[in-house]
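Please read the structure below before turning to the comments.
Numbering (the UniProt record's numbering), first residue to last: 1 to 247.
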């Protein structure tokens, strides 16, 4: 059975859990050759690979610290050596280190910006070279509704996600003429390990018109739309997936 992404090479950062894992599974089920990048938890990564392969789909994992430019270069080069191309890049990896700004250390700021923003830059810079050569590609950056409005206790996280939106808009203008589209996704409260630790869940849900957290698979569906020909004239956009929370 053919899929929407047959013969396409998909790279996903942070593909071993949460939204990233859902994206890996969704693209692989549609025929994509999915390579996902993880940094630490090899057991989680191996579990995802096994689950995907048990479904008869292609999946490989690559260990890479995306804050390190040399490691990013090595990871992307190894994928291109195997496949000759990268069709879709999904920058999903992200971390939080929450706290009131005056209580946050400079390390709290640096680590969040390094992973969330500079990690996105490091991987994208390597992938773009191949996409420009092939004059084809889709880049999807996972931002957050926190990048669109302020959240107390998350000044570092909000800043990193707002930076991703600015990066998306500017880059879409730079390479749109080379048949490469760049878009962002801004999820709201999604059922993941990251949101499990957020207090006052009941209060949050009361403020979501759909009265629930979203599912990782619902974010993956939007990522597939943006990576497909169905969104061929969508470029430089940020699509909010929050059940109406920021409406």
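The beta-carbon is built from N, C-alpha and C at its ideal position, and this holds for glycine as well.
Judging by CA-CA distance, which residue of the options is the nearest neighbour of residue i?
| i | options | result |
| --- | --- | --- |
| residue 175 | 71, 105, 53, 125 | 125 |
| residue 141 | 195, 149, 118 | 118 |
| residue 288 | 216, 229, 29, 100 | Nothing can be reported for residue 288, as the shown portion of the chain is limited to 1 through 247. |
| residue 91 | 72, 98, 109, 84 | 72 |
| residue 241 | 162, 223, 232 | 223 |
| residue 69 | 26, 127, 27, 109 | 127 |
| residue 178 | 205, 135, 149 | 135 |
| residue 53 | 74, 122, 212, 27 | 27 |
| residue 145 | 232, 185, 80 | 185 |
| residue 192 | 216, 116, 183, 207 | 216 |
| residue 165 | 148, 181, 173 | 148 |
| residue 194 | 183, 243, 157, 172 | 157 |
| residue 37 | 94, 106, 108, 110 | 94 |
| residue 4 | 64, 231, 239 | 231 |
In this structure, what does DSSP give as the bridge partners for residue i?
| i | result |
| --- | --- |
| residue 60 | 35 |
| residue 127 | Partner(s): none; residue 127 has no beta bridge. |
| residue 137 | 180 |
| residue 91 | 141 |
| residue 187 | 241 |
In terms of residues, what are the limits of the beta strand (DSSP E) holding residue i?
| i | result |
| --- | --- |
| residue 216 | Careful: residue 216 lies outside any beta strand (DSSP E), inside the alpha helix (DSSP H) at 216-227. |
| residue 170 | Run containing residue 170: none in the beta strand (DSSP E); it sits in the alpha helix (DSSP H), 155-175. |
| residue 10 | 9-13 |
Below 8 angstroms on the Cβ atoms is my guess for residue i versus residue j; work out the distance and round it to an integer in Å.
| i | j | result |
| --- | --- | --- |
| residue 227 | residue 11 | The Cβ separation is near 11 angstroms, so there is no contact. |
| residue 9 | residue 83 | 5 angstroms |
| residue 168 | residue 236 | 7 angstroms |
| residue 247 | residue 209 | 7 angstroms |
Where do the ends of the alpha helix (DSSP H) carrying residue i lie?
| i | result |
| --- | --- |
| residue 45 | 42-54 |
| residue 234 | Neither: residue 234 is in no alpha helix (DSSP H) and is coded neither H nor E. |
| residue 79 | 69-83 |
| residue 24 | 18-29 |
| residue 212 | That residue, residue 212, is in no alpha helix (DSSP H); it is neither H nor E in DSSP. |
| residue 203 | 201-206 |
(Q) Could you check whether the region 42-49 touches the region 5-19, counting it as contact only if at least three pairs of C-beta atoms, one from each stretch, sit closer than 8 angstroms? (A) yes
Q. On the three-pair Cβ rule with 8 angstroms, is the region 53-68 touching the region 29-36?
A. yes
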